[in-house]
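Participant: Going by full-length UniProt numbering, the sequence shown opens with residue 1, and the numbers climb by one from there.
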Amino acid sequence: MAGSAPLSHDRSEGPRRSPAGQPEALDRLRPSARFAHCGLPCPVGRGHGVSYRVAVRALCEFTAKVGDLDLRFTPSPTALEGIAGHAQVTARRGDGYEREIALEGQYGQLSVRGRADGYDPARNRLEEIKTFRGDVERQPANHRQLHWAQAKIYGWLLCQTRGLDELELALVYFDVTSHKETLFVERHTAAQLRVFFETQCQAFIDWAAQEMAHRAARDQALSALRFPHDEFRTGQRQLAEAVYKAACTGTTLMAQAPTGIGKTLGTLFPQLKAFPGQRLDKLFFLAAKTSGRRLALDALQTLQRNANHGLRVLELVAREKTCEHPDKACHGESCPLARGFYDRLPAARAAALGQALLDQAALREVALAHQVCPYYLSQELARWADVVVGDYNYYFDSSALLHGLTLNNDWRISVLVDEAHNLLDRARGMYSAELDQRAFAGLASQAPAPLKWPLGRVQRCWNELHREQLADYQVQPELPLKLLGALQQAVSAITDYLGEQPAGLDAKLQRAYFDAMHFCRVAELFGEHSLFDISLLPATARSKARRSILCLRNVVPAPFLAPRLAQARSSVLCSATLSPRRFHADMLGLPAGSAWIDVESPFQSRQLRVCLAEHVSTRYQHRQASLGAVVELIARQYRERPGNYLAFFSSFDYLQQVAALLREQCPDVPFWEQTRGMQEAARNAFLDRFTEHSEGIGFAVLGGAFAEGIDLPGQRLIGAFVATLGLPQVNPVNEQFKIRLDELFGRGHGYDYTYLYPGLQKVVQAAGRVIRTQQDEGVVHLIDDRFGRPQVRRLLPGWWALSGSSAG
């Protein structure tokens with residue numbers, strides 16, 4: 001057994017209802033035990049007659065993958081190319097040809113099912129269709145072996161269903177570039193296919209029984225799980241009950257909850273309590289930053305101790321942070337951890353799943369002990385973990401691992417989106433693409449002979465595209481179809497070349513190749529939610545011909561995020577800054593029936609003095625004039641109450657101007673500065689200066705590394721200065737976003753959605769660094785006259801009591 005294939009199982013839909021028709025209430029339970037028993041049905045896996053269901057593909061991936069990890073036979077066609085390829089192959093068949101045949105068979109308590117690609121009754125031939133690029137003869141043997149395994153399983157299911165004595169099986173490889181088919185044909189008796197089917201099932205069913213035992217033990221432990229503290233914090237119980245109700249009713253929930261109430265534990269605990277009753281397979285905790293993942297892992301470790309370690313938790317980390325041999329390619333002839341990967345995987349998998357918490361360090365230890373790649377081991381283990389903690393992109397990206405596994409295995413999942421105010425910008429990036437002509441310059445002359453003409457055509461089409469453009473920046477009304485055709489042709493030529501020359505490409509050509517592929521794939525998704533623009537670059541001394549940057553910019557990611565949220569049994573998007581509700585619902589694609597909760601703050605207005613400096617303008621054209629007033633305010637506050645402060649500015653330039661004047665006029669006021677491109681060690685040193693006994697001011701950029709996700713309770717931070725409204729820069733790109741958002745959501749929404757709401761979110765996040773516990777006290781100075789406007793004040797937290805800065 002080598003690959004990994006998750007198991008799903010028969011289960012009833014929906015939670016048990018109380019007589020009133022609502023999920024069983026939690027209010028009647030004591031604080032330490034109110035989630036201890038949900039009163040919901042026991043998990044599947046107990047009793048008799050339980051059918052274990054597994055897809056044909058998942059079964060074969062578990063039992064028939066052997067040999068090396070080998071990624072040379074890539075890139076595979078896109079999903080759209082794969083669908084089109086299947087359709088083209090089946091369209092070539094005769095009138096009696098059957099397509100997408102649903103098949104199911106049983107072996108003991110294991111139910112195996114799937115859809116065979118096609119069957120020709122006239123030839124008695126079952127076809128398994130695979131789309132590809134390159135030379136099919138260079139396909140690794142273990143890939144072909146996997147495909148034959150799938151064909152044989154489908155073959156037996158068809159023989160059993162239709163009473164066939166024998167069957168011809170065909171692997172049909174369709175080249176999406178040349179549109180040619182390559183066939184490999186075998187003939188088998190039904191008896192032979194049955195033996196193969198039963199052998200694969202027996203190899204899997206032992207693992208399935210083990211996994212179902214884990215499932216039953218896990219759900220029993222979660223049913224008995226108690227909240228790990230004697231009491232909920234103020235607001236934490238309100239949040240937890242809303243999350244639990246969303247999990248039980250299959251609802252998407254937007255939860256705006258202030259910092260300091262324990263949001264991570266307050267969302268994870270009720271989601272886990274809902275697992276047994278809702279027959280949930282997985283919980284995905286998705287974070288924007290490493291700090292968010294760390295908080296989740298710490299909370300889950302606390303809960304694991306209370307659940308007697310009945311819960312498997314996995315952390316997914318980016319490939320570049322986990323690769324042990326970054327100088328080697330991902331195949332057995334280059335990397336020792338890819339050589340024999342699938343042969344050593346079963347032992348590595350068993351060892352890994354013997355540990356409750358598989359964070360990056362623990363996973364690396366297991367992987368190296370078994371000499372397998374840590375990154376690809378983590379991807380395999382995602383099939384078997386109960387809770388997966390990772391970045392947003394693992395579920396929301398166009399080729400997201402967790403989303404693909406969810407679809408392929410019909411999982412029932414819950415999704416927790418941490419610090420969800422970050423999802424908009426991150427999702428825009430996932431569905432955007434950029435091409436810089438400078439990266440393609442000279443490639444044709446330096447490329448291998450077969451690639452010179454297609455790469456030269458890309459440059460010719462590119463130059464034609466912007467030849468008549470007069471403005472430096474311009475949005476185009478339609479996609480550059482001629483250039484896209486040239487790019488696709490170049491991508492195909494390079495892919496074919498790689499099939500013949502697996503040693504690869506030089507770094508510059510490889511980077512251009514990947515960029516072109518991504519651009520073409522994003523172009524397939526283009527619509528009114530996106531913009532296509534061209535930015536002309538300045539002419540250089542070496543070349544009078546102007547080059548350009550092409551960008552496909554996603555403006556509204558809702559069309560891409562909505563199906564992902566709908567796929568989950570329930571989703572919770574949690575943040576301290578989710579107002580206004582309509583803005584996030586529109587931009588993130590929340591379903592119409594989404595719930596909303598604005599959690600009561602545990603903090604009192606007396607804890608935080610919020611002062612408005614309404615006599616100062618920090619607008620770009622007024623910044624020079626504002627320097628003296630900002631320095632005076634900072635120095636006065638520090639001298640009145642020495643301690644630790646953060647001061648936030650709209651840009652590094654503005655920060656440096658204020659710092660220079662403060663250094664000149666107030667040498668007694670200590671401060672330190674965030675710098676451009678600050679590395680992790682320098683960021684840690686910046687934060688280490690905030691101690692219980694230190695005094696000074698940390699200068700930082702709003703929206704940067706120190707404006708959210710950091711925790712400095714008590715005397716480590718007693719105040720903040722925010723010398724900006726946080727509005728994104730007014731530039732041609734943002735102005736085009738404003739125009740498009742006006743078109744999509746109505747006049748006036750464009751400004752709010754592009755500038756006002758994102759800006760105020762950053763301000764509230766930054767100010768939220770000051771009060772972290774119910775014992776903290778501090779001050780925040782909001783330095784800009786626009787903070788006094790009613791439409792701005794409405795977007796600030798309701799528990800803040802605003803006053804004039806003269807009171808400070």
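For each residue, glycine too, the CB sits at the ideal point set by N, CA and C.
None of the values given here were measured: they were computed from a predicted structure.
Would you please state the rounded distance, in angstroms, between the beta carbons of Phe341 and Val372? I believe it to be under 8 Å.
Facilitator: Contact holds; Cβ gap of about 5 Å.
Participant: Please identify the residue among Leu405, Leu795, Ala338 whose C-alpha is closest to the C-alpha of Leu377.
Facilitator: The shortest C-alpha separation from Leu377 is found at Ala338.
Participant: Since Met254 sits in a beta bridge, which residues does DSSP pair it with?
Facilitator: In DSSP, Met254 forms a bridge with Leu573, Trp596.
Participant: Can you grab the Cα-Cα spacing for the pair Ser398 / Leu405, in whole Å?
Facilitator: Each residue's alpha carbon lies about 13 Å from the other.
Participant: Using 8 Å as the Cβ pair cut-off and three pairs as the minimum, do the stretch 707-723 and the stretch 780-793 touch?
Facilitator: Touching, yes.
Participant: Starting from the N-terminal side, write out each stretch of the beta strand (DSSP E) that is 3 residues or longer and does not extend beyond the stretch 99-182.
Facilitator: 110-120, 125-132, 166-175, all fully within the stretch 99-182.
Participant: Assign Phe284 to one of two classes, buried (16 or more other C-beta atoms within 10 Å of its C-beta) or exposed (fewer than that).
Facilitator: Per the 10 Å Cβ criterion, buried.
Participant: So which of Ala385, Tyr513, Tyr431 has the shortest CA-CA distance to Leu443?
Facilitator: Minimum Cα distance to Leu443 is reached at Tyr513.
Participant: What are the start and end residues of the alpha helix (DSSP H) that includes Glu434?
Facilitator: No alpha helix (DSSP H) contains Glu434, which is instead part of the beta strand (DSSP E) from 433-436.
Participant: Whole angstroms is fine: what's the gap from Gly260's alpha carbon to Ile634's?
Facilitator: Gly260 and Ile634: Cα-Cα distance of roughly 26 Å.
Participant: Only counting runs of 3 or more residues, tell me where the beta strand (DSSP E) segments fall wholly within the stretch 304-346, in order along the chain.
Facilitator: Entirely contained in the stretch 304-346, the beta strand (DSSP E) runs reaching 3 residues are, in chain order, 313-315.
Participant: Between the alpha carbons of Glu320 and Glu680, how many angstroms are there, rounded?
Facilitator: Their backbone Cα atoms lie some 16 Å apart in a straight line.
Participant: DSSP state of Gly21, grouped into three classes?
Facilitator: Model confidence at Gly21 stands at a pLDDT of 35, short of 50, so the residue's coordinates are unreliable; what they give is reported in the following sentence. Here Gly21 sits in coil by DSSP.
Participant: Quick one, are the C-beta atoms of Leu552 and Ser535 less than 8 Å apart?
Facilitator: Not closer than 8 Å, so no.
Participant: Closer than 7 Å by C-beta to Trp462: which residues in its own chain qualify, once you throw out the five before and the five after it? Chain order, please.
Facilitator: Cβ within range, chain order: Gln437, Leu483.
Participant: What are the residues that DSSP puts in a beta bridge with Asp425?
Facilitator: In the DSSP output, where bridge partners are listed per residue, Asp425 has none listed.
Participant: So, helix, strand or coil for Asn554, using DSSP?
Facilitator: Three-state DSSP puts Asn554 in a strand.
Participant: Near Tyr757, which residues of its chain fall below 6 Å by C-beta distance, leaving aside the five closest residues on each side in sequence?
Facilitator: Taken in chain order, the residues that qualify are Phe583.
Participant: Leaving out five residues on either side along the sequence, give the residues of the same chain with a beta carbon under 6 Å from the beta carbon of Ser601.
Facilitator: Cβ neighbours of Ser601 beyond the five flanking positions: Pro258, Trp799.
Participant: Would you kindly work out how many angstroms separate the C-alpha atoms of Gln476 and Ala516, rounded to a whole number?
Facilitator: Gln476 and Ala516: Cα-Cα distance of roughly 19 Å.
Participant: Starting from Asn644, trace the beta strand (DSSP E) both ways and give me its first and last residue.
Facilitator: 644-649 is the extent of the beta strand (DSSP E) around Asn644.
Participant: What did DSSP end up calling Arg187 once you bin it into helix, strand or coil?
Facilitator: In this structure, Arg187 counts as strand in the three-state DSSP scheme.
Participant: What is the DSSP secondary structure of Trp207, counted as helix, strand or coil?
Facilitator: Of the three classes helix, strand and coil, the one that applies to Trp207 here is helix, per DSSP.
Participant: Take Ala55 and list the residues in its own chain whose beta-carbon comes closer than 6 Å to its own, dropping the five residues that flank it on each side.
Facilitator: Same-chain partners within the cutoff: Gly114.
Participant: Could you tell me how far apart the beta carbons of Ala122 and Gly105 are, in whole angstroms, since I believe they sit closer than 8 Å?
Facilitator: The Cβ separation is near 24 Å, so there is no contact.
Participant: Determine which residues share a DSSP beta bridge with Gly788 and list them.
Facilitator: DSSP, once it has assigned bridges, lists no residue as partnering Gly788.
Participant: Which residue marks the beginning of the alpha helix (DSSP H) containing Gly628, and which one marks its end?
Facilitator: Its alpha helix (DSSP H) spans residues 623-640.
Participant: Using the beta-carbon count (16 or more within 10 Å), is Ile83 buried or exposed?
Facilitator: Ile83 should be labelled exposed.
Participant: Between Ser32 and the rest of its own chain, which residues show a CB-CB distance below 7 Å, the 5 nearest in sequence each way excluded?
Facilitator: For Ser32, the pLDDT reaches just 34, beneath the cut-off of 50, and the residue's location in the model is therefore unreliable, although a value from the coordinates is still provided. Arg226, Phe227, Asp230.
Participant: Identify every residue that forms a DSSP beta bridge with residue 816.
Facilitator: The structure shown does not extend to residue 816, since the chain is modelled only from 1 through 808, so no value can be given for it.
Participant: DSSP three-state call for Ser492: helix, strand or coil?
Facilitator: Of the three classes helix, strand and coil, the one that applies to Ser492 here is helix, per DSSP.
Participant: From the DSSP secondary-structure annotation, give me the bridge partner or partners of Cys611.
Facilitator: Its beta-bridge partners are His781, Ser803.
Participant: Roughly how many whole angstroms lie between the Cα atoms of Ala221 and His214?
Facilitator: C-alpha separation (whole angstroms): 10 Å.
Participant: Among residues of its own chain, excluding the 5 on either side of Asn308, which ones have a beta-carbon nearer than 8 Å to its beta-carbon?
Facilitator: Within the same chain, Asn308 has close Cβ partners Ala221.
Participant: Measuring straight from C-alpha to C-alpha, what distance separates Gln621 and Gly677?
Facilitator: Rounded to the nearest angstrom, the two C-alpha atoms are 26 Å apart.
Participant: So for Ser579, helix, strand or coil by DSSP?
Facilitator: DSSP places Ser579 in coil when its eight states are reduced to three.
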